[in-house]
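Peer 1: Can you read through this structure? Questions will come right after.
Encoded structure:
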């Protein structure tokens, strides 16, 4: 946890009580201890391919038994459905919402956080040029990122995120398959993510962890490349019996040390991918394009083992920070590598950019 983010936690706690937290990326991995119980115990993956929309590069399907669609957004309209989504984090302490929505605020009329960690963007509905940052067209939601925050020498970017108003948690009788079809930008310094995090309880208190990163795509262009996705649950205590990551399955293309999936088919950017998790009360398994990449033990509890609120779904396009922006954001990368080298890596340094989402679906199995 960065000192900067710890400061935000203390600020939120002093204002609203309780504990809180957010996405805690590693510097090229989680850095947590890893216990690999069995490296390759079984094969598995999503089956029953469904018809795809848009680009044909990305498989689509659901796991057997997950026949109850309990939440979805196909993004087929012309605007973001704000009955389903908030556009900032649940935590208080940030600026007022540009589009007021009491159901998206921990305290009526209060602001909510518009960034976490050491990121260089601020999440907005409209950037300083008056442009919408959540664009719905052609059957997809585009989360945009622009270099329009020109009065801030560090956080010079504006970007977009969504957070579901619905929330979920498995128990001994029910489990979930949470999946999204996405297209990620290839711009150096971008940090797209699809994850679940604990909501606030009835008293407005939060807890972190638990957190499950369905994927994080930090792209610094060197250690973290366009062929990688980070997938893991955050373990800081009783999320597992050992207090460390407990991997029970890993595919041949998953690095258990850094918890990264490595594609053997080239770049994962600027192409449609389906990424999801099978989430049970005691475990989670990760999928990319129908292939199981990793499974681990995981309990949705606090570090002390107490029950925590249900999870909401988040998708965001962060920019920069020590992980994604280790060698600069956008054209700053050209201080380290030539334009030819950038092209050879299949990367771009140009803003604006966007992350596209074809759909987000939650299936239930009981």
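Residue numbers (my numbering): 34 to 399. For each residue, glycine too, the CB sits at the ideal point set by N, CA and C. Computed from a predicted structure; not experimentally measured.
#1: Tell me the rounded alpha-carbon separation between residue 273 and residue 345.
#2: Buried or exposed: which applies to residue 299, given that a residue is buried once 16 or more other Cβ atoms fall within 10 Å of its Cβ?
#3: Beta carbon of residue 206, beta carbon of residue 399: below 9 Å?
#4: Please say whether residue 214 and residue 392 have beta carbons closer to each other than 9 Å?
#5: What is the rounded straight-line gap between the Cα of residue 168 and the Cα of residue 177?
#6: Exposed or buried, residue 339, counting other C-beta atoms within 10 Å across all chains shown (16 or more means buried)?
#7: So what's residue 244 in DSSP terms, helix, strand or just coil?
#8: For a quick check, are the C-beta atoms of residue 328 and residue 294 less than 9 Å apart?
#9: What residue range does the alpha helix (DSSP H) around residue 274 cover?
#10: Rank 284, 164, 335, 304 by C-alpha distance to the C-alpha of residue 320 and give the top, closest one.
#11: In terms of DSSP beta bridges, what is residue 320 paired with?
#12: Counting only runs of 3+ residues fully inside the region 155–211, write out the beta strand (DSSP E) ranges in chain order.
#13: Using only the heavy atoms of the ligand FMN, determine whether one of them is closer than 8 Å to the beta carbon of residue 103.
#14: Which whole-angstrom value is the C-beta distance of residue 317 and residue 266, which I expect to be below 8 Å?
#15: Between the C-alpha atoms of residue 322 and residue 247, what's the straight-line distance to the nearest angstrom?
#16: Can you tell me whether residue 108 is helix, strand or coil according to DSSP?
#17: Just to check my reading of the structure: residue 134 and residue 155 have Cβ atoms closer than 8 Å, yes? What is that Cβ distance to the nearest angstrom?
#18: Determine the direct distance from the alpha carbon of residue 231 to that of residue 199, and round the result to whole angstroms.
#19: Going by DSSP, what residue range makes up the beta strand (DSSP E) through residue 389?
#20: Give the DSSP-derived three-state secondary structure of residue 364 in the structure shown.
#21: Terminal residues of the continuous alpha helix (DSSP H) containing residue 226?
#22: Among 290, 250, 106, which has the Cα closest to the Cα of residue 358?
#23: Straight-line CA distance for residue 353 to residue 153?
#24: So residue 149 and residue 190 are supposed to be a Cβ contact under 8 Å. How far apart are they, rounded?
Peer 2: Reading it off the structure:
#1: Looking at the two C-alpha atoms, the distance is approximately 21 Å.
#2: exposed
#3: Taking 9 Å as the cut-off, the beta carbon of residue 206 is found closer than this to the beta carbon of residue 399.
#4: Contact flag set, yes.
#5: Separation of residue 168 and residue 177 (C-alpha to C-alpha, rounded to the nearest whole angstrom) is 8 Å.
#6: exposed
#7: Of the three classes helix, strand and coil, the one that applies to residue 244 here is strand, per DSSP.
#8: no
#9: It is not in any alpha helix (DSSP H) - residue 274 carries neither H nor E in the DSSP assignment.
#10: Restricting attention to 284, 164, 335, 304, the CA atom closest to the CA of residue 320 is found in 284.
#11: Under DSSP, residue 320 forms a beta bridge with 309, 325.
#12: 167–170, 173–179, 190–192, 194–201
#13: What this structure holds is no ligand at all, so the ligand FMN is not there to describe.
#14: 6 Å
#15: 13 Å
#16: coil
#17: Going by Cβ atoms, the distance from residue 134 to residue 155 rounds to 18 Å, so no, they are not a contact pair.
#18: Distance between the alpha carbons of residue 199 and residue 231 is about 12 Å.
#19: 386–398
#20: Here residue 364 sits in helix by DSSP.
#21: Here residue 226 belongs to no alpha helix (DSSP H); instead the beta strand (DSSP E) covers 223–231.
#22: 250
#23: 5 Å
#24: Residue 149 to residue 190, Cβ: 14 Å. No contact.
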